[in-house]
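Written below as structure tokens is the structure these notes are about.
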Amino acid sequence: MFRRIIKYSNRHFGLFKKISSISDRRIKPQIATVKILASIVCIHMANLGSLHSFSQSSSRKTFPSVSTIARVADTISLNAIRDVGAYVYKRARKQKMLAPYQGMWIGIIDGHEMTTSDYCKCSYCRRRNVSKIEGVVKYQYYHSFTAFMLAGGKYSFILDIEPIAPGESEVTSSYRLLERVCKNYPKAFSTVIGDALYLNEKIFKLLESHHKYSIAVLKEERRQLFEEANKLSLLVEPIVYKDKKTTYRVWDHSISGCWDGYGRDVRVIVSEETTTKRVHSADGAGWEEKTQVANWMWVTNLPGTDKAIDSIGDLKNTVKVCHSRWQIENRCFNETAGTWNADHIYRHSANAIIAILLLLFICVNIFNIFLKRNIKDKKVKTKVFLISKIKAEFLSLKRLSPLIPIPI
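Per numbering that gives the first Met the number 0, residue 0 is the first one in the sequence shown, and the count goes up by one each step.
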């Protein structure tokens with residue numbers, strides 16, 4: 000299966016040919032950069048999870064040493080790796096491997112914190128005070144980044160990431176990321192969704208300047224928008240509908256003059272969602288129905304519909320789009336950290352961390368497409384099973400030179 004995914008990535012995306020154009024800052028390299036990058040790609044494709052596991056594999060003699068891989072990762076060009084990711088996206092989009100979500104091309108942005116440490120640190124580590132004993136100062140060191148991905152029905156597609164430097168906020172990092180994504184992927188998405196942190200006039204205006212719409216969660220009760228939306232909800236009847244086991248009561252308010260920093264009219268969508276679940280009773284003797292109520296509010300500059308007939312369908316679709324924000328938590332952060340070891344620090348330096356993560360997300364994107372479009376075997380039902388088959392074949396290989404189309 001390892002051979003198969005390598006051939007697939009070459010046939011459809013020309014992966015190893017594209018990474019041969021990536022350079023590093025070494026003056027007189029004895030080992031070509033493409034050999035280092037091919038090694039990292041193989042580590043990710045086989046889901047080895049660490050350089051130590053890679054050093055123990057039977058085919059390690061055909062690759063550079065792990066110390067060389069780690070050292071060169073400090074100097075690899077990040078923009079060149081991003082260009083490879085953009086090329087993979089364009090190939091996937093051209094071959095119709097990607098599909099819109101609910102009829103819209105949705106971008107999702109959020110921040111993520113990697114593995115923390117009380118001792119290991121570098122000059123680019125962020126730190127926080129975790130002191131519990133009075134008079135004893137204790138710091139915790141960590142790296143974090145913001146990520147941008149495309150929402151999808153069957154699978155999502157991670158486009159880019161940007162590190163959060165020490166002393167700066169997530170919004171500052173996300174602003175740089177959005178500027179770059181809008182430049183490199185101008186037609187990839189039409190709407191961007193973020194959590195309550197992205198209810199920021201600078202973010203909304205930046206996306207508007209690139210002809211993109213914005214959606215952000217509204218949580219802060221002190222905001223005038225929050226108060227106005229609650230008052231209007233008491234005066235207007237909601238649109239009620241049911242989807243599976245959840246009953247929705249949705250209000251769609253058009254509010255003006257309540258967000259001075261933005262200075263434009265916005266829509267505030269209020270959703271009260273009641274879900275009935277069948278759970279075990281307290282005594283364990285039977286079942287009982289349990290009702291859970293969740294309240295959500297979103298602010299958006301998406302245009303509404305003027306037709307009363309289409310209002311219910313438009314709101315249903317908009318609420319689903321708003322809830323798609325969870326894809327970045329589930330499919331990007333949680334899945335890559337739990338399944339692909341994305342939180343593991345291969346090399347503790349700012350450049351190496353981002354370079355290895357960018358290559359990992361390229362491999363994850365190709366893997367998701369490979370699983371949904373190329374695997375027809377009914378025995379392969381889960382990602383974990385397919386990953387284990389790929390890893391098992393990689394570990395059984397004695398030599399990779401005929402397989403990898405570069406001189407290793």
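Ideal Cβ positions, reconstructed from N, Cα and C, are used throughout, including at glycine.
Q. Just to confirm, are residue 150 and residue 107 a CB contact at a threshold of 7 Å?
A. Here residue 150 is taken as the residue at index 151 of the sequence shown, counted from 1. Here residue 107 is taken as the residue at index 108 of the sequence shown, counted from 1. Going by C-beta atoms, residue 150 is nearer than 7 Å to residue 107.
Q) With which residues is residue 148 paired in a DSSP beta bridge? A) Position 149 of the sequence shown, counted from the start, is the residue given in the question as residue 148. Its beta-bridge partners are 107, 157.
Q) Within 10 angstroms of its Cβ, does residue 234 collect 16 or more other Cβ (buried), or is it exposed? A) Reading the sequence shown from its first residue, position 235 is the one you call residue 234. Burial state of residue 234 is exposed, judged by a 10 Å Cβ sphere holding fewer than 16 other Cβ atoms.
**Q.** Neighbourhood of residue 116 by C-beta distance below 6 Å, restricted to the same chain and skipping five residues each side
**A.** What you label residue 116 is simply residue 117 of the sequence shown in a count that begins at 1. Excluding residues within five positions, the ones whose Cβ falls inside 6 Å are 140.
Q.
Pairs of beta-carbons, one from the stretch 199–217 and one from the stretch 283–293, closer than 8 Å: are there three or more?
A. no
Q) What first and last residue would you give for the beta strand (DSSP E) that runs through residue 93? A) Stepping through the sequence shown from its first residue, residue 93 is reached at position 94. Unbroken run through residue 93 is the alpha helix (DSSP H), 77–93; no beta strand (DSSP E).
**Q.** Where residue 299 falls, given that 16 or more other Cβ within 10 Å makes a residue buried
**A.** Residue mapping note: residue 299 aligns to position 300 of the sequence shown, counting from 1. Buried, because 16 or more other Cβ atoms sit within 10 Å of the Cβ of residue 299.
Q: Have a look at residue 161 and residue 76 and give me their C-alpha separation to the nearest angstrom.
A: Taking the first residue of the sequence shown as 1, we reach residue 161 at position 162. Taking the first residue of the sequence shown as 1, we reach residue 76 at position 77. Cα-Cα distance, rounded: 14 Å.
(Q) Please state the DSSP three-state secondary structure of residue 373. (A) Here residue 373 corresponds to residue number 374 of the sequence shown, with the count starting at 1. Of the three classes helix, strand and coil, the one that applies to residue 373 here is coil, per DSSP.
Q: May I ask you to report which of helix, strand or coil DSSP gives residue 300?
A: For this step, residue 300 is matched to residue 301 along the sequence shown. In this structure, residue 300 counts as coil in the three-state DSSP scheme.
(Q) So the candidates are 35, 131, 159; which of them puts its Cα closest to the Cα of residue 78? (A) Along the sequence shown, read from residue 1 onward, the residue named residue 78 stands at position 79. It is 159 whose Cα lies nearest to the Cα of residue 78.
Q. In this structure, does DSSP put residue 40 in helix, strand or coil?
A. What you label residue 40 is simply residue 41 of the sequence shown in a count that begins at 1. Looking at residue 40 - three-state DSSP - the assignment turns out to be helix.
Q. Do the stretch 325–332 and the stretch 42–54 meet, that is, are 3 or more Cβ pairs less than 8 Å apart?
A. no
Q: Between the Cα of residue 321 and those of 104, 85, 369, 292, spot the shortest distance and give me the residue it belongs to.
A: Counting from one through the sequence shown, the residue named residue 321 turns up at place 322. The candidate whose alpha carbon is nearest that of residue 321 is 104.
Q | Per-residue burial, residue 93 [other beta carbons within 10 Å of its own, 16 or more giving buried] | A | Your numbering for residue 93 matches position 94 in the sequence shown. So residue 93 ends up on the exposed side.
Q) Expressed to the nearest angstrom, what Euclidean distance is found between the alpha-carbon atoms of residue 257 and residue 266? A) Working through the sequence shown from its first residue, we reach residue 257 at position 258. Working through the sequence shown from its first residue, we reach residue 266 at position 267. Taking the straight line joining both Cα atoms gives about 11 Å.
Q: Have a look at residue 4 and residue 362 and give me their C-alpha separation to the nearest angstrom.
A: Translated into positions along the sequence shown, residue 4 becomes position 5. Translated into positions along the sequence shown, residue 362 becomes position 363. Taking the straight line from one Cα to the other gives about 10 Å.
Q | Contact belief for residue 240 with residue 272 at Cβ below 8 Å, rounded distance in angstroms | A | Translated into positions along the sequence shown, residue 240 becomes position 241. Translated into positions along the sequence shown, residue 272 becomes position 273. In fact, because the Cβ distance is near 11 Å, the residues do not count as touching under 8 Å.
Q: Pick out whichever of 74, 302, 263, 223 has its Cα sitting closest to the Cα of residue 35.
A: Position 36 of the sequence shown, counted from the start, is the residue given in the question as residue 35. The residue with the shortest Cα to Cα distance from residue 35 is 74.
Q: Please go through the stretch 255–342 and give each complete beta strand (DSSP E) segment of 3 or more residues, from N-terminal end onward.
A: 265–279, 286–299
Q.
Which of the three DSSP states is assigned to residue 112 in this structure?
A. Sequence index remark: in the sequence shown, residue 112 carries index 113 (1-based). The answer is strand: DSSP assigns residue 112 an E or B state.
**Q.** Backbone secondary structure at residue 381 - three-state DSSP
**A.** Taking the sequence shown and counting its residues from 1, the one referred to as residue 381 is at position 382. Note: residue 381 maps to coil in three-state DSSP.
Q.
Among 376, 164, 100, whose alpha-carbon lies nearest the alpha-carbon of residue 125?
A. If you number the sequence shown from 1, residue 125 lands on position 126. That would be 164, whose Cα lies nearest to the Cα of residue 125.
Q) With respect to 6 Å, is the separation between the Cβ of residue 297 and the closest non-hydrogen atom of the ligand GTP below this value? A) Among the ligands in the structure shown, none appear at all, so the ligand GTP cannot be discussed.
Q | From 292, 261, 182, 33, residue whose alpha carbon lies closest to that of residue 223 | A | For the purposes of this step, residue 223 is identified with residue 224 of the sequence shown, where counting begins at 1. Cα-wise, what sits closest to residue 223 is 261.
Q. Using CA coordinates, which residue listed in 121, 45, 189, 269 is at the minimum distance from residue 230?
A. Walking along the sequence shown from the start, residue 230 turns up at place 231. Nearest of 121, 45, 189, 269 to residue 230, Cα basis: 269.
**Q.** Status (buried if at least 16 other CB within 10 Å, exposed otherwise) for residue 65
**A.** Locating residue 65 in the sequence shown gives position 66, counting from the first residue. Counting Cβ neighbours within 10 Å, residue 65 comes out buried, since at least 16 surround it.
Q) Under three-state DSSP, which class holds residue 171? A) One-based indexing of the sequence shown puts residue 171 at position 172. Reduced to three states, the DSSP call for residue 171 is helix.
Q: Quick one: using the 10 Å Cβ neighbour count with 16 as the cut-off for buried, is residue 128 buried or exposed?
A: Taking the sequence shown and counting its residues from 1, one reaches residue 128 at position 129. So residue 128 counts as exposed.
Q: Report yes or no: do the stretch 361–380 and the stretch 177–194 share at least 3 C-beta pairs separated by less than 8 Å?
A: no
Q.
So the candidates are 29, 147, 216, 227; which of them puts its Cα closest to the Cα of residue 110?
A. Here residue 110 refers to the residue found at position 111 when the sequence shown is read from its first residue. Selection 29, 147, 216, 227 evaluated against residue 110 yields 147 as nearest (Cα-Cα).
Q: Starting from residue 10, trace the beta strand (DSSP E) both ways and give me its first and last residue.
A: For the purposes of this step, residue 10 is taken as residue 11 along the sequence shown, with counting starting at 1. Residue 10 -> not in any beta strand (DSSP E); alpha helix (DSSP H) instead, spanning 1–12.
Q: Measure how close the beta-carbons of residue 88 and residue 152 come, nearest whole angstrom, since I'm counting them as under 8 Å.
A: As a first step, residue 88 is located in the sequence shown; it is residue number 89 there, counting from the start. As a first step, residue 152 is located in the sequence shown; it is residue number 153 there, counting from the start. The beta carbons of residue 88 and residue 152 sit about 17 Å from each other, so the pair does not count as a contact at 8 Å.
(Q) Output needed for residue 394: all residues of its chain with C-beta closer than 6 Å, excluding positions within five of it in sequence on either side, in chain order. (A) Against the sequence shown, residue 394 aligns to sequence position 395. The answer, listed in chain order, is 56.
Q.
Using 7 Å as the threshold, is the C-beta distance between residue 358 and residue 39 below it?
A. Taking the sequence shown and counting its residues from 1, the one referred to as residue 358 is at position 359. Taking the sequence shown and counting its residues from 1, the one referred to as residue 39 is at position 40. Yes, the pair counts as a contact, with Cβ atoms nearer than the cut-off.
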